[in-house]
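Enquirer:
Number of protein chains: 2
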Amino acid sequence: MRHTISVIVENKFGVLARVSGLFSSRSYNIDSLTVGETTDPSVSRMTIVVRGDDRVLDQVTKQLDKLVDVIEVTDLPAGSYVGRELVLLKVASESGTRTEILEIANIFRAITIDIGHKSMTLQITGAEEKVSAFIEMMKPFGILELARTGKVAMTRELNDKG
Amino acid sequence: MRHTISVIVENKFGVLARVSGLFSSRSYNIDSLTVGETTDPSVSRMTIVVRGDDRVLDQVTKQLDKLVDVIEVTDLPAGSYVGRELVLLKVASESGTRTEILEIANIFRAITIDIGHKSMTLQITGAEEKVSAFIEMMKPFGILELARTGKVAMTRELNDKG
Numbered sequence: 001m002r003h004t005i006s007v008i009v010e011n012k013f014g015v016l017a018r019v020s021g022l023f024s025s026r027s028y029n030i031d032s033l034t035v036g037e038t039t040d041p042s043v044s045r046m047t048i049v050v051r052g053d054d055r056v057l058d059q060v061t062k063q064l065d066k067l068v069d070v071i072e073v074t075d076l077p078a079g080s081y082v083g084r085e086l087v088l089l090k091v092a093s094e095s096g097t098r099t100e101i102l103e104i105a106n107i108f109r110a111i112t113i114d115i116g117h118k119s120m121t122l123q124i125t126g127a128e129e130k131v132s133a134f135i136e137m138m139k140p141f142g143i144l145e146l147a148r149t150g151k152v153a154m155t156r157e158l159n160d161k162g
Numbered sequence: 001m002r003h004t005i006s007v008i009v010e011n012k013f014g015v016l017a018r019v020s021g022l023f024s025s026r027s028y029n030i031d032s033l034t035v036g037e038t039t040d041p042s043v044s045r046m047t048i049v050v051r052g053d054d055r056v057l058d059q060v061t062k063q064l065d066k067l068v069d070v071i072e073v074t075d076l077p078a079g080s081y082v083g084r085e086l087v088l089l090k091v092a093s094e095s096g097t098r099t100e101i102l103e104i105a106n107i108f109r110a111i112t113i114d115i116g117h118k119s120m121t122l123q124i125t126g127a128e129e130k131v132s133a134f135i136e137m138m139k140p141f142g143i144l145e146l147a148r149t150g151k152v153a154m155t156r157e158l159n160d161k162g
């Protein structure tokens, strides 16, 4: 099963390597990972999407919790949080296909952030399914480059503890 | 100096740990890192923002290039690419402050993705300076949670090689 895990860590050398090493040592593949500072620059927040055996994941999160620089580990229950990602996508385009690409982009509320003679770079944000559907729609035009941030997630207020 | 590095890798166990380990072994701190699949699920793309000595970074990128699972390493020259990030931000809000928060959000084109009695969750996307300015404006209301994806980046067509 797929899990979305939020990990709050001290912003120190090597934390990322230790956290990701823990997953790979258990042959647990990471689908996506994002890490960025919080409002306190000494503290970072990671959001990790992993897939695999639930029992093994339970062991991994317990081990994560024991790492010195890990402050908090939360396995977000499906349905309790909002998840979003951002994708940049460079698609082949010329005068003949540009209008069609822009029409599809409008439907998905994607925006154009760069344009040239042979390509356009579009930005789309949303839940994974929406983003994936947009990527599918762009494939026939020819995707030259694709960069996904991976998911960030936050619990809904009504699901917050305390 | 700050650098934005794009790394194309085989999507295999342990690649993330090896790449991030290479930076930390040189005491090179990672400001942000994102990793996600490309259109080919066997290939992932990482965008890494690091800060430190240029000469050391040069050594690190050369070593990265030598790792078995690394396909391509590009140190993106400032000004040659578009960079974007996505941020989710849960801010304390009640009937007295909600309107004011929404007015500021509108100016930054941030959108509301969850609302409750005590808080709102906002989503903002953009270049780092815009995102940081918005976070500053939200601080007086009380930021309860913050999750940044970190930057993804793509070269502009006019700067593409070949």
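Line order of the protein sequences matches chains A and B.
Those letters in the first sequence? Residues 1 to 162, per this note's numbering, in order.
Those letters in the second sequence? Residues 1 to 162, per this note's numbering, in order.
Quick reminder that beta carbons are idealized off the backbone N, C-alpha and C, glycines included.
Once the 5 residues before and after B:LEU5 are set aside, which same chain residues still bring their CB inside 6 Å of it?
Expert: What you label residue 5 of chain B is simply residue 5 of the second sequence in a count that begins at 1. Checking the sequence, you will find Ile at residue 5 of chain B rather than Leu. Once the five neighbours on either side are set aside, the close Cβ partners of B:ILE5 are ILE48, ASP75.
Enquirer: Looking only at its chain, what residues have a beta carbon closer than 7 Å to the beta carbon of B:LEU22, apart from the 5 residues adjacent to it on each side?
Expert: Taking the first residue of the second sequence as 1, we reach residue 22 of chain B at position 22. Answer for B:LEU22: VAL60, GLN63, LEU64, listed in chain order.
Enquirer: So, is the C-beta of B:ASP69 closer than 9 Å to a C-beta in chain A?
Expert: In the second sequence, residue 69 of chain B corresponds to position 69, counting from 1. By this cut-off, B:ASP69 is not an interface position.
Enquirer: From which residue to which residue does the alpha helix (DSSP H) around B:SER25 run?
Expert: Residue 25 of chain B sits at position 25 when you count from the first residue of the second sequence. Looking at the DSSP string, the run of the alpha helix (DSSP H) that includes B:SER25 is 15-25.
Enquirer: Just to confirm, is the Cβ distance from B:ILE104 to B:MET137 under 9 Å?
Expert: Residue numbering aside, residue 104 of chain B sits at position 104 when the second sequence is read from its first letter. Residue numbering aside, residue 137 of chain B sits at position 137 when the second sequence is read from its first letter. A contact, by the Cβ cut-off of 9 Å.
Enquirer: Check whether the Cβ of A:GLN123 lies closer than 9 Å to any Cβ atom in chain B.
Expert: Position 123 of the first sequence, counted from the first residue, corresponds to residue 123 of chain A. Yes - at least one Cβ of chain B is within 9 Å of the one on A:GLN123.
Enquirer: When we look at the beta-carbon of A:SER95 and count the other beta-carbons within 10 Å, is it buried (16 or more) or exposed?
Expert: Numbered from its first residue, the first sequence carries residue 95 of chain A at position 95. Label assigned to A:SER95: exposed.
Enquirer: Under the three-state reduction of DSSP, which class applies to B:VAL131: helix, strand or coil?
Expert: Counted from its first residue, the second sequence places residue 131 of chain B at position 131. Three-state DSSP puts B:VAL131 in a helix.
Enquirer: Use the C-beta contact count for B:GLY126: other C-beta atoms within 10 angstroms, 16 or more gives buried, fewer gives exposed.
Expert: The residue labelled residue 126 of chain B in the question sits at position 126 within the second sequence. Classified as buried, B:GLY126 has 16 or more neighbouring CB atoms from the shown chains inside 10 Å of its CB.
Enquirer: What are the start and end residues of the alpha helix (DSSP H) that includes A:ALA78?
Expert: In the first sequence, the residue the question calls residue 78 of chain A occupies position 78. Where A:ALA78 is concerned, there is no enclosing alpha helix (DSSP H), given that its DSSP letter is neither H nor E.
Enquirer: Start and end of the beta strand (DSSP E) containing A:GLU10?
Expert: Within the first sequence, residue 10 of chain A is the residue found at index 10, counting from 1. Taken as a continuous stretch (DSSP letters only), the beta strand (DSSP E) holding A:GLU10 covers 2-10.
Enquirer: Taking the beta strand (DSSP E) that A:VAL43 belongs to, which residues open and close that run?
Expert: Residue 43 of chain A sits at position 43 when you count from the first residue of the first sequence. Where A:VAL43 is concerned, the enclosing beta strand (DSSP E) stretches over 43-51.
Enquirer: Mind reading off the beta-carbon distance from A:LEU86 to B:LEU33? Whole number of angstroms is fine, and I expect it under 8 Å.
Expert: For the purposes of this step, residue 86 of chain A is taken as the residue at position 86 of the first sequence. For the purposes of this step, residue 33 of chain B is taken as the residue at position 33 of the second sequence. Not a contact, Cβ separation roughly 14 Å.
Enquirer: In or out: B:ILE107 buried (at least 16 other Cβ within 10 Å) or exposed?
Expert: Counting from 1 along the second sequence, the entry for residue 107 of chain B is found at position 107. Classification of B:ILE107: exposed, given that the 10 Å Cβ count is below 16.
Enquirer: Quick check on the DSSP output: the beta strand (DSSP E) that includes A:GLU94 runs from which residue to which?
Expert: Within the first sequence, numbered from 1, the residue matching residue 94 of chain A stands at position 94. Neither: A:GLU94 is in no beta strand (DSSP E) and is coded neither H nor E.
Enquirer: Excluding the 5 residues flanking B:SER42 on each side, which residues of the same chain have their C-beta closer than 8 Å to its C-beta?
Expert: For the purposes of this step, residue 42 of chain B is identified with residue 42 of the second sequence, where counting begins at 1. Around B:SER42: GLU10, ASN11.
Enquirer: Between B:ALA147, B:LEU88, B:ARG84, B:LEU122, which has its C-alpha nearest B:ILE101's C-alpha?
Expert: Mapped onto the second sequence, residue 101 of chain B falls at position 101. Out of B:ALA147, B:LEU88, B:ARG84, B:LEU122, B:LEU122 has the C-alpha closest to the C-alpha of B:ILE101.
Enquirer: Give the interface partners of A:PHE13 over in chain B, defined as CB-CB distance under 7 Å, in chain order.
Expert: What you label residue 13 of chain A is simply residue 13 of the first sequence in a count that begins at 1. Chain B residues near A:PHE13: SER24, SER27, ASN29.
Enquirer: Taking the alpha carbon of A:ASP54 as the reference point, which residue from A:ILE115, A:MET1, A:ALA153, A:ALA110 has its own alpha carbon closest?
Expert: Within the first sequence, the letter at position 54 stands for residue 54 of chain A. Nearest of A:ILE115, A:MET1, A:ALA153, A:ALA110 to A:ASP54, Cα basis: A:MET1.
Enquirer: Any heavy atom of the ligand ATP closer than 8 Å to the beta-carbon of B:SER95?
Expert: No copy of the ligand ATP appears in this structure; indeed no ligand is present at all.
Enquirer: With DSSP as the reference, identify every bridge partner of A:ARG84, one or two as the case may be.
Expert: The count along the first sequence starts at 1 and reaches residue 84 of chain A at position 84. Answer is A:VAL152, bridged to A:ARG84.
Enquirer: Does any CB atom of chain A fall closer than 9 Å to the CB of B:THR4?
Expert: Counted from its first residue, the second sequence places residue 4 of chain B at position 4. Output row for B:THR4: interface = no.
Enquirer: Straight-line CA distance for B:LEU16 to A:SER20?
Expert: As a first step, residue 16 of chain B is located in the second sequence; it is residue number 16 there, counting from the start. As a first step, residue 20 of chain A is located in the first sequence; it is residue number 20 there, counting from the start. Answer to the nearest angstrom: the Cα atoms are 6 Å apart.
Enquirer: Within 10 Å of its beta-carbon, does A:SER18 have 16 or more other beta-carbons around it, so buried, or fewer, so exposed?
Expert: Taking the first sequence and counting its residues from 1, one reaches residue 18 of chain A at position 18. A small correction: the amino acid at residue 18 of chain A is Arg; Ser does not occupy that position in the sequence shown. Classification for A:ARG18: buried.
Enquirer: On the CB-based measure, 16 or more other CB atoms within 10 Å of its CB, does B:THR99 come out buried or exposed?
Expert: Position 99 of the second sequence, counted from the start, is the residue given in the question as residue 99 of chain B. By the neighbour-count rule (16 or more Cβ atoms within 10 Å), B:THR99 is not buried but exposed.
Enquirer: So, helix, strand or coil for B:LEU122, using DSSP?
Expert: Numbered from 1 along the second sequence, position 122 holds the residue referred to as residue 122 of chain B. Under the three-state reduction of DSSP output, B:LEU122 falls in the strand class.
Enquirer: Mind checking if B:GLY79 is an interface residue toward chain A, Cβ cutoff 9 Å exclusive?
Expert: Stepping through the second sequence from its first residue, residue 79 of chain B is reached at position 79. For B:GLY79, the answer is no, since every Cβ of chain A falls outside 9 Å of its Cβ.
Enquirer: Less than 9 Å between the C-beta atoms of A:TYR28 and B:PHE13, yes or no?
Expert: The residue given as residue 28 of chain A occupies position 28 in the first sequence. The residue given as residue 13 of chain B occupies position 13 in the second sequence. Remark: C-beta atoms of A:TYR28 and B:PHE13 approach each other more closely than 9 Å.
Enquirer: Any idea if A:ILE71 is buried or exposed, counting beta-carbon neighbours within 10 angstroms, 16 or more meaning buried?
Expert: Locating residue 71 of chain A in the first sequence gives position 71, where the first residue counts as 1. Its Cβ having fewer than 16 others within 10 Å, A:ILE71 is exposed.
Enquirer: Go ahead and pull the three-state DSSP assignment for B:ASP160.
Expert: Locating residue 160 of chain B in the second sequence gives position 160, counting from the first residue. If DSSP states are grouped into helix, strand and coil, B:ASP160 belongs with coil.
Enquirer: To the nearest angstrom, how far is the alpha carbon of A:ILE124 from that of A:LEU88?
Expert: The residue given as residue 124 of chain A occupies position 124 in the first sequence. The residue given as residue 88 of chain A occupies position 88 in the first sequence. Computed Cα separation, rounded: 7 Å.
Enquirer: Would you give the residue range spanned by the alpha helix (DSSP H) that A:LEU64 belongs to?
Expert: Reading the first sequence from its first residue, position 64 is the one you call residue 64 of chain A. Where A:LEU64 is concerned, the enclosing alpha helix (DSSP H) stretches over 54-66.
Enquirer: Suppose you measure from the CA of A:VAL50 to the CA of A:ILE8; what does that come to, to the nearest Å?
Expert: Within the first sequence, residue 50 of chain A is the residue found at index 50, counting from 1. Within the first sequence, residue 8 of chain A is the residue found at index 8, counting from 1. Computed Cα separation, rounded: 17 Å.
Enquirer: Name the chain B residues whose beta carbon is nearer than 9 Å to that of A:VAL73?
Expert: Numbered from 1 along the first sequence, position 73 holds the residue referred to as residue 73 of chain A. Using a Cβ-Cβ cut-off of 9 Å, A:VAL73 is close to nothing in chain B; its nearest Cβ partner there is about 15 Å away.
Enquirer: Taking C-beta pairs closer than 8 Å, name the residues in chain A that B:ALA153 reaches, listed in chain order.
Expert: Here residue 153 of chain B corresponds to residue number 153 of the second sequence, with the count starting at 1. Simply LEU88, ALA147.
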